[in-house]
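Read the structure below first, then the notes.
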Amino acid sequence: MGVNVHIEDTGEQYDCVPGESLLKAMLRLGRRGIPSGCHGGGCGVCKVEITRGAVSTGAMSRAHVSADEEARGCLLACKAYPLSDVSLRVLGAMQKNVCRPAGKA
Amino acid sequence: MALTGVLRPGHAQLRVLNLEEGVHHYRDVLGMVETGRDGQGRVYLKCWDERDHNSLVLREADRAGIDFVGFKVLDKATLDRLESDLRAYGLATERIPAGEMLATGERVRFLLPSGHFIELYAEKQAVGNGLQVLNPAPWTKASENGIAPVRLDHCLLYGPNVAEVQKIFCEVLGFYLVERVLTPDGAGNVAIWMSCSHKVHDIAFVEHPEPGKLHHLSFLLESWEEVLRAADIMAMNKVSVDIGPTRHGVTRGCTIYAWDPSGNRFETFMGGYQPYPDYEPTTWTFDGLGAGGGLDYPQRKLHESFLSVVT
Chain A
11 MGVNVHIEDT GEQYDCVPGE SLLKAMLRLG RRGIPSGCHG GGCGVCKVEI TRGAVSTGAM
71 SRAHVSADEE ARGCLLACKA YPLSDVSLRV LGAMQKNVCR PAGKA
Chain B
21 MALTGVLRPG HAQLRVLNLE EGVHHYRDVL GMVETGRDGQ GRVYLKCWDE RDHNSLVLRE
81 ADRAGIDFVG FKVLDKATLD RLESDLRAYG LATERIPAGE MLATGERVRF LLPSGHFIEL
141 YAEKQAVGNG LQVLNPAPWT KASENGIAPV RLDHCLLYGP NVAEVQKIFC EVLGFYLVER
201 VLTPDGAGNV AIWMSCSHKV HDIAFVEHPE PGKLHHLSFL LESWEEVLRA ADIMAMNKVS
261 VDIGPTRHGV TRGCTIYAWD PSGNRFETFM GGYQPYPDYE PTTWTFDGLG AGGGLDYPQR
321 KLHESFLSVV T
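In order, the protein sequences belong to chains A and B.
Counting with the numbering used here, you get residues 11 to 115 for the letters of the first sequence.
Counting with the numbering used here, you get residues 21 to 331 for the letters of the second sequence.
What follows is the structure, encoded as structure tokens:
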């Protein structure tokens with residue numbers, strides 16, 4: 011049973027299955043050319059802010075997410091695993107890809 | 021002997037967010053040989069066909085990236101001469117005592133204007149490649165473990181002041197320029213590939229506003245077949261792949277770019293050509309890097325991750 015993820019910037023929603031990161035599931039939206047980054051918590055491209063809901067997290071680089079940010083839900087989507095339905099805002103370099111109209115490369 | 025001065029990239033120290041995940045990746049998936057752990061908790065590895073004790077050091081840290089790259093030089097006299105040449109050029113150098121890294125002699129460290137620490141050293145314990153020196157077999161059990169590259173080949177680093185970096189490598193350390201990509205206005209270089217040997221690159225740089233960044237550490241395979249097999253092994257182990265398998269126009273190398281569990285990009289690579297110092301450097305326009313196939317010759321596009329995803 012998956013959870014629902016809501017992207018506040020665009021109003022889009024997608025499903026995320028247990029064990030899947032917010033980023034990996036987001037890629038199924040099919041934004042061509044998303045520079046989704048390293049998928050390892052190292053590069054900082056996929057930074058988001060969790061505005062509603064709970065996530066568990068894996069190790070992510072302090073070069074991109076401070077302890078304060080992490081505490082208030084600013085995270086790297088590749089290392090965030092939703093525990094409930096979640097709403098998020100896109101903060102990082104990924105924003106221009108996620109937020110442009112679907113279908114445009 | 022023709023090959024003197026700086027011999028080759030001999031070691032690199034990477035920061036990983038979780039040490040054992042990093043060790044699993046580089047030892048069990050990439051297929052390097054673990055050769056030691058030190059009092060700081062760092063893990064040392066080498067590629068199977070390398071003869072010195074280590075070429076990769078993993079250090080657990082709260083951020084990913086690269087601590088330093090070390091080049092082996094011919095002998096201690098060469099180390100002393102290059103240190104004095106670096107100082108005469110105006111760079112500060114620091115001596116790190118023998119033994120600070122396992123099985124490694126004294127190192128001369130300096131900071132490039134791109135924000136990267138480079139080291140030179142003359143001594144690292146030879147542990148061999150697992151084959152006898154007299155009448156050896158062509159391969160060994162370690163050569164069949166994981167992707168099993170034969171050596172650490174080169175690295176690509178991102179930072180500012182690439183023109184100044186090129187002068188240091190070419191005018192002080194005896195490297196030569198093999199290929200370059202021009203800036204969009206054609207007035208300078210946005211990327212440079214330099215060799216201290218007969219290899220198509222021993223180190224490369226891309227101009228980038230943030231200092232000290234790693235684009236990738238590259239490991240050499242011996243055939244295209246092995247690059248495809250590396251892709252299979254990456255998929256079996258759920259490694260995140262960036263680009264490839266494909267061929268770079270730049271250097272003509274056949275490649276996969278992928279990421280370790282901490283997001284440090286690594287490359288499994290074969291081919292290229294064998295340049296000499298008297299060759300005219302190959303030049304790519306900025307458009308040539310993307311539409312001209314410099315980065316990805318079959319796909320002929322500038323993958324967005326190439327310029328934006330670094331650690």
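Glycine included, each C-beta is placed from N, C-alpha and C at the ideal position.
Q | Minimum Cβ-Cβ distance from V330 (chain B) to chain A less than 8 Å | A | Yes, its Cβ sits closer than 8 Å to a Cβ of chain A.
Q. Nearest-angstrom Cα distance between V210 (chain B) and V226 (chain B)?
A. C-alpha of V210 (chain B) to C-alpha of V226 (chain B): approximately 6 Å in a straight line.
Q) If you drop the 5 nearest sequence neighbours on each side, which residues of the same chain put their C-beta closer than 6 Å to that of Y64 (chain B)? A) Closer than 6 Å at Cβ, skipping near neighbours: T55, G56, N74, V77, L122.
Q: For P281 (chain B), go through chain A and note every residue whose CB falls closer than 7 Å to its CB, in chain order.
A: Contact of P281 (chain B) with chain A by beta-carbon distance below 7 Å involves G50.
Q: Within 10 angstroms of the Cβ of R28 (chain B), are there 16 or more other Cβ atoms? Answer buried if so, exposed if not.
A: Buried, because 16 or more other Cβ atoms sit within 10 Å of the Cβ of R28 (chain B).
Q.
Measuring straight from C-alpha to C-alpha, what distance separates E114 (chain B) and R129 (chain B)?
A. If I take the Cα positions, the gap works out to 5 Å.
Q: Apply the 10 Å Cβ neighbour rule to W304 (chain B) and answer buried if 16 or more other Cβ atoms are within range, or exposed otherwise.
A: A buried status is given to W304 (chain B), since no fewer than 16 other beta-carbon atoms sit within 10 Å of its beta-carbon.
Q | Length at least 3, wholly inside the region 114-175 of chain B: the beta strand (DSSP E) runs in chain order | A | Listed in chain order, they are 127-131, 137-141.
Q) Does the beta carbon of V55 (chain A) come closer than 8 Å to any beta carbon on chain B? A) Taking Cβ atoms only, chain B reaches closer than 8 Å to V55 (chain A), which makes this a yes.
Q: Report the three-state DSSP secondary structure of R200 (chain B) (helix, strand or coil).
A: R200 (chain B): strand per DSSP, three-state reduction.
Q. Would DSSP call H335 (chain B) helix, strand or coil?
A. Any answer about residue 335 (chain B) is impossible in this case: the structure gives chain B only from 21 up to 331.
Q. Are R200 (chain B) and H235 (chain B) touching if we call contact CB-CB under 8 Å?
A. Their beta carbons are not under 8 Å apart, which means R200 (chain B) does not touch H235 (chain B) by this criterion.
Q: Would you list the one or two residues that DSSP bridges to Q319 (chain B)?
A: Its beta-bridge partners do not exist; DSSP assigns none.
Q: Taking G63 (chain A) as the reference, give the member of A:S76, A:R72, A:V96 with the closest Cα.
A: The option with the nearest alpha carbon to G63 (chain A) is A:V96.
Q) Ordered along the chain, which non-local residues of its own chain (more than five positions away) have a Cβ less than 8 Å from that of L98 (chain A)? A) V15, H16, I17, E18, L32, V58, E59, I60, T61, A87, listed in sequence order.
(Q) With a threshold of 7 Å (Cβ to nearest heavy atom), would L27 (chain B) be considered close to the ligand SAH? (A) Ligands displayed in this structure: none; no statement on the ligand SAH is therefore possible.
Q. Does DSSP put C274 (chain B) in a helix, in a strand, or in coil?
A. Residue state, collapsed to three classes: strand.
Q. For K258 (chain B), does the three-state DSSP call read helix, strand or coil?
A. Looking at K258 (chain B) - three-state DSSP - the assignment turns out to be coil, as it is neither helix nor strand.
Q. Using a C-beta to C-beta distance shorter than 7 Å, which residues of chain A count as neighbours of N38 (chain B)?
A. At a beta-carbon threshold of 7 Å, the residues of chain A lying near N38 (chain B) are A69, ordered along the chain.
**Q.** Cut-off 8 Å between Cβ atoms - residues of its own chain near A251 (chain B), not counting five sequence neighbours on either side
**A.** Its chain contains V261, G264, P265, I276 as the residues whose beta carbon lies nearer than 8 Å to that of A251 (chain B), once the 5 sequence neighbours on both sides are disregarded; these appear in chain order.
(Q) Helix, strand or coil for V13 (chain A)? Go by DSSP, reduced to three states. (A) Three-state result, V13 (chain A): strand.
(Q) According to DSSP, is R370 (chain B) part of a helix, a strand, or is it coil? (A) Outside the shown range of chain B, which is 21 to 331, sits residue 370 (chain B), and nothing can be said about it.
Q) chain B partners of A73 (chain A), CB-CB under 9 Å? A) What A73 (chain A) touches in chain B: D82, R83, A84, G85, T331.
Q: Tell me whether E242 (chain B) sits in a helix, a strand or coil according to DSSP, three-state version.
A: It is coil, neither helix nor strand.
**Q.** Bridge partner(s) assigned by DSSP for S215 (chain B)
**A.** Partner(s): B:Y196.
**Q.** Straight-line Cα distance separating Q60 (chain B) from H221 (chain B)
**A.** A direct Cα-to-Cα measurement between H221 (chain B) and Q60 (chain B) gives close to 32 Å.
Q. Using a Cβ-Cβ cut-off of 7 Å (strictly less than) and excluding sequence neighbours within five positions of P301 (chain B), which residues of its own chain qualify?
A. So the qualifying residues of the chain are L197, V198, E199, R200.
Q. Does the beta carbon of C47 (chain A) sit closer than 8 Å to a beta carbon anywhere in chain B?
A. In the sequence on display, residue 47 (chain A) carries Gly and not Cys. G47 (chain A) counts as touching chain B.
Q. Taking P133 (chain B) as the reference, which of B:E126, B:R107, B:P180, B:G148 has the closest Cα?
A. Nearest option by C-alpha distance: B:P180.
(Q) Distance check for D307 (chain B) and N149 (chain B), CA to CA, integer angstroms please. (A) Near 43 Å, if we compare the C-alpha coordinates of D307 (chain B) and N149 (chain B).
(Q) I'd like the list of long-range same chain contacts for G314 (chain B), defined as Cβ closer than 6 Å, with 5 residues on each side in sequence excluded. (A) So the qualifying residues of the chain are G269, V270, W304, G308.
Q. Name the chain B residues whose beta carbon is nearer than 8 Å to that of A103 (chain A)?
A. Against chain B, a Cβ distance below 8 Å from A103 (chain A) picks out S328.
Q.
Within 10 Å of its beta-carbon, does E139 (chain B) have 16 or more other beta-carbons around it, so buried, or fewer, so exposed?
A. Buried, by the Cβ-count rule.
Q: Find out if the Cβ-Cβ distance for the pair G68 (chain A), T331 (chain B) is shorter than 8 Å.
A: Between G68 (chain A) and T331 (chain B), the C-beta spacing is not below 8 Å.
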